[in-house]
């Protein structure tokens with residue numbers, strides 16, 4: 566409590582609480598219930614419907630969606646009993662945030678590390694947003710700065726980080742939309758719950774957008790698409806011994822103008 570500044574529930578029947586059945590009050594108040602980490606024991610209890618402590622009672626009493634983030638030794642996670650329990654819980658509507666591969670508490674390396682916090686939070690946002698004002702909508706978002714090759718090792722590009730496009734995609738997801746993110750190279754991690762396609766050039770982005778946008782309700786062009794591309798690409802690295810270099814450039818496709826369909830178009834200009 567000294568860290569969170571919020572009440573910590575440890576007893577099913579706390580005589581100091583104003584609520585006689587605090588697990589019922591918490592279960593009814595919850596928008597989502599997240600157990601992170603979820604041990605093999607708590608997973609087994611929930612699969613069997615056992616409610617012998619505050620946490621399991623809350624899960625059995627709540628009508629809110631439940632998210633589990635398993636974390637345990639690899640042998641425990643891969644045990645057929647644990648896998649069977651997880652299968653049962655998925656069939657009952659539980660959302661599972663799969664564990665990561667890496668070094669475990671035992672020192673062994675394997676599958677069973679708690680998923681990254683960003684992945685857990687992203688899953689919570691996605692689950693909470695399922696009933697949002699964009700539920701049932703399909704939105705295509707582009708992000709990042711496209712790269713036009715000059716030769717096998719050089720390209721024309723820009724300094725776009727892709728952050729705005731990724732943020733817009735996540736915001737649409739959090740409001741219930743199904744989102745397709747078409748991204749040029751970035752250093753950003755893949756967002757949770759969003760279908761991602763990776764492209765490099767403006768032409769590739771146009772082709773990727775054209776494949777999916779006819780089914781979309783909106784296209785948000787947040788990518789920084791290069792305006793020009795080399796007329797021809799050298800097949801081998803251009804040697805620096807050349808005293809000067811002239812590049813013939815041609816316009817890249819204007820994606821917003823060229824893609825057609827009955828959907829909302831959103832563009833940005835710098």
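Numbering (our numbering), first residue to last: 566 to 835.
Virtual Cβ for every residue (Gly too), placed ideally from N, Cα, C.
The model shown is predicted, which means the values in this text are computed figures rather than measured ones.
Around the C-beta of residue 691, 16 or more other C-beta atoms lie within 10 Å, and the residue is accordingly described as buried. Of the residues 601, 593, 755 and 716, the one whose Cα lies closest to the Cα of residue 730 is 755. Assigned with DSSP and collapsed to three states, residue 815 falls in strand. Between residue 707 and residue 757, the C-beta spacing is not below 8 Å. Per DSSP, reduced to three states, the secondary structure at residue 694 is helical.
With respect to the 8 Å criterion, residue 704 and residue 761 are not classified as neighbours on the basis of their beta carbons.
With 16 or more other Cβ atoms from the protein chains shown falling within 10 Å of its own Cβ, residue 687 counts as buried. Less than 8 Å separates the beta-carbon of residue 716 from that of residue 798. Contact between residue 681 and residue 670 fails: their C-beta atoms lie close to 17 Å from each other, not under 8 Å. Under the three-state reduction of DSSP, residue 575 is assigned to coil, being neither helix nor strand. Distance from the CA atom of residue 740 to the CA atom of residue 766, rounded to whole angstroms, is 30 Å. According to the DSSP secondary-structure assignment, residue 762 is paired through a beta bridge with 747.
With a cutoff of 8 Å on beta-carbon distance, residue 728 and residue 746 are scored as not near each other.
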